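Worksheet: one structure, shown below.
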């Protein structure tokens with residue numbers, strides 16, 4: 219099946235720094251990728267929908283200037299958490315729509331800890 | 030947008046018993062209903078899915094049923110094993126390729 223690679227798997231950073239998370243579709247082209255935030259034992263909260271070559275669509279309540287999304291190619295989307303603060307600590311997961319545009323394939327997630 | 034409700038939030042069963050998780054949705058135009066299993070700290074994995082033109086689908090010990098009229102679908106796991114312990118999410122896909130997730134069910138299978 220389709221593989222989505224996400225890096226890094228874990229990052230610890232100081233408050234005020236920026237962190238970039240990469241999401242790559244390895245064996246297929248993904249015109250649409252999604253970014254989620256997940257708290258322990260909670261559901262996936264959709265943050266934004268990323269479409270290749272266009273601006274991301276953010277969900278209500280998600281600050282687009284804080285969570286910068288770039289989908290510059292058909293195989294790569296990045297999420298940058300700018301000026302991270304402890305409240306941004308969370309598990310972030312990306313997913314991509316597979317060929318045919320129906321099934322979702324998830325990255326392995328990034329555990330962000332902001333000190 | 031779609032409103033997806035999932036019940037129960039936690040479920041404990043004895044090994045060998047069956048487990049059932051239910052989801053309801055609001056948009057009758059939704060047409061794709063996947064179920065994901067997520068182990069702690071790992072990515073959600075698709076375990077089974079069903080499309081709106083099918084009422085039931087089975088894959089070994091896992092089955093999904095869909096009632097389009099009532100707008101609900103269920104995951105059935107038979108002969109549960111300890112390795113089935115995880116969080117399960119239902120999702121609803123609409124015609125615009127947007128996905129809406131349920132709140133998750135933490136399943137514990139007691140040996």
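Protein chains in written order, with this note's numbering: chain A, 219 to 333; chain B, 30 to 140. Cβ coordinates follow ideal geometry from the N, Cα and C atoms, glycine included. Computed from a predicted model, the values in this text were never measured in an experiment.
- Close partners of residue 311(A) in chain B (Cβ separation under 7 angstroms): 72.
- Interface residue (Cβ-Cβ distance to chain A less than 9 angstroms): residue 78(B) is classified as such.
- Within the model, the alpha-carbon separation for residue 32(B) versus residue 129(B) is close to 7 angstroms.
- From the beta-carbon of residue 132(B), the residues of chain A found nearer than 8 angstroms are 260, 261.
- Residue 138(B) has a beta carbon lying at 9 angstroms or more from every beta carbon in chain A.
- Excluding sequence positions up to five before and after residue 116(B), its CB lies within less than 6 angstroms of the CB of 67, 133, 135, all in the same chain and listed in chain order.
- Using beta-carbon distances, residue 63(B) counts as an interface residue toward chain A, with a partner under 9 angstroms.
- Rounded to whole angstroms, the gap between the alpha carbons of residue 241(A) and residue 250(A) is 12 angstroms.
- Proximity to residue 106(B) across 62(B), 114(B), 42(B), 92(B) peaks at 92(B), based on C-alpha coordinates.
- Listed as beta-bridge partners of residue 225(A) by DSSP are 240(A).
- DSSP, read as helix, strand or coil, puts residue 108(B) in coil.
- Taking the beta carbon of residue 103(B) as reference, no residue of chain A falls within 9 angstroms; the closest one sits roughly 18 angstroms away.
- Annotation: residue 331(A) to residue 52(B) spans about 32 angstroms, alpha carbon to alpha carbon.
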